[in-house]
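Numbering follows the working numbering, with no gaps: position 48 of the sequence shown is 28. Think of the CB as a built atom: it goes at the ideal place given N, C-alpha and C, for glycine as much as any other residue. Right, one structure below, let's go through it.
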Amino acid sequence: MSPKDLAHAIGVSESSLKRWVDQGLISAARTSGGHRRIPRSAGLAFVRRYGYPVLRPDLVGLDELAGVSPMAAEGRSPLETALIRGRAEEAQRLVVGRFVQGMPVATLIDVDLGPAMRSIGELWHHGEAGIFVEHRGVDICTHILDRLRDLLPPPDPGAPVALGGAPESDPYTLPTLMAATVLAAEGWRPVNLGAFVPEGALARAAHEEKPELVWLALGAAPDTPSLERQTRAWLDALEIAGVDCPLLAGGPACQILGRRPPGPARFGASMGEMADMVRGFRAP
Ligand code: B12
């Protein structure tokens, strides 16, 4: 199957689908021309694993599942539609419903919330008509992530501390909140400093909290040098604070620039990758 066919079949954007392939969530091969091709079995394994409804079975050779949902014509998942239309309760019901069914928090973010926010960005390109939709979408997502945190077991008294946020010039609040939520789900005690964190504040917080992991959510970086500068500034701040622990960086800026943060910082392309990595840092 092509990413386009599978995307349309399950009602998500083609760019989301390609990203999941690149993140390793769906196995795929490349044609000699470099195009991604998804074996039907791998596509179905993904659909079954994450519980996606097949809205256009005809596109993926499942003609026995007759019936075409109107959602497929719009090409949007129910969560995207709820977020775009500002239906906060419905968006929350969809996400919490999948959480209760057992979907890991990292997966919920990688395959549901993240793509829905990216598609809001793609849809409106910050045009005047869309700015309120974007801000409202951020608020709804924030509320949903807070709700997920409430539904998770509280951290053990001895849970390791993870500290993180976004760089000083970075206004993006969701990537760092997503990271905090996933770390909480993994049994850590996250201390989220949010957006716009000055390096001095990071150093002080690190000195006080003695984290075993620091995350850096890179939401905005106009170019690769600034991505590197932001990351090095955080590495320096941790050194000044005398804190020697892994710095795990990732976020929209890395995705947009197609770059990893430099050197000693570890990179996570998705929340799933982050969850896998932190399990290796320590088994809380
Ligand atoms: C919401 C939003 C805003 C809001 C943010 C509000 C808030 N409180 O956070 C505001 C209004 C501030 C904003 C402003 C701007 N924005 Co904006 N924004 C977005 C939007 C729609 C969502 C961002 C978001 O929350 N992403 C969170 C998730 C969804 O990102 P993700 O990459 O999918 O995350 C995955 C991985 O990266 C990883 N990950 C994420 N975080 C982390 C952290 C760690 C530690 C790890 C390991 C992994 C990891 O896991 C995630 C899940 O799979 C994006 C669209 C997009 N593509 O993200 C545009 C987008 C980033 N913005 C864009 C632009 C152009 C702007 C402005 C320049 C607009 C303007 N003209 O003013 C300004 C610049 C602000 C600045 N100073 O830099 C462009 C960037 C284009 C480019 N090539 O650079 C985008 C891509 C929209 C678009 N398609 O045009 N924005």
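Query, Result
"Among L125, S21 and P232, whose alpha-carbon lies nearest the alpha-carbon of A164?", "L125"
"Rounding to the nearest angstrom, what Cα-Cα distance links S99 and E60 in this structure?", "8 angstroms"
"Could you check if P50 is buried or exposed, using at least 16 other CB atoms within 10 Å of its CB as the buried criterion?", "With a pLDDT of 38 at P50, under the threshold of 50, the modelled position of that residue is not reliable, and no figure is offered here."
"Please state whether DSSP places R28 in a helix, a strand or coil.", "helix"
"Thinking C-beta only, is P241 closer than 9 angstroms to G230?", "yes"
"Using only the heavy atoms of ligand 1, determine whether one of them is closer than 8 angstroms to the beta carbon of R98.", "yes"
"For a test of the three-state rule: what should DSSP assign to A22, helix, strand or coil?", "helix"
"Determine, using beta-carbon pairs with one atom in the segment 139 to 148 and one in the segment 18 to 34, whether at least three such pairs fall under 8 angstroms.", "no"
"Heavy atom of ligand 1 less than 8 angstroms from the Cβ of M251, yes or no?", "yes"
"Please report the straight-line C-alpha distance between A53 and A86, rounded to a whole angstrom.", "Below a pLDDT of 50, predicted positions are generally treated as unreliable, and A53, at 39, falls in that range; no measurement from the model is reported."
"Have a look at L237, W195 and P178 and flag the residue whose alpha-carbon is nearest the alpha-carbon of A201.", "L237"
"Closer than 7 angstroms by C-beta to A71: which residues in its own chain qualify, once you throw out the five before and the five after it? Chain order, please.", "L59, A62, L63, I120 and I124"
"Curious, which full-length alpha helix (DSSP H) runs of at least 4 residues does the segment 135 to 200 contain?", "154 to 165 and 179 to 189"
"Beta carbon of T153: closer than 8 angstroms to some heavy atom of ligand 1?", "yes"
"Under three-state DSSP, which class holds L93?", "helix"
"Measure the beta-carbon distance from L128 to F79 and round it to whole angstroms, keeping in mind my assumption that it falls under 8 angstroms.", "6 angstroms"
"Sort out for me which residues DSSP pairs R17 with in a bridge.", "A9"
"Three-state secondary structure (DSSP) at Q129?", "In the sequence as presented, Gln is not what sits at residue 129; that position holds Arg. Helix, per DSSP."
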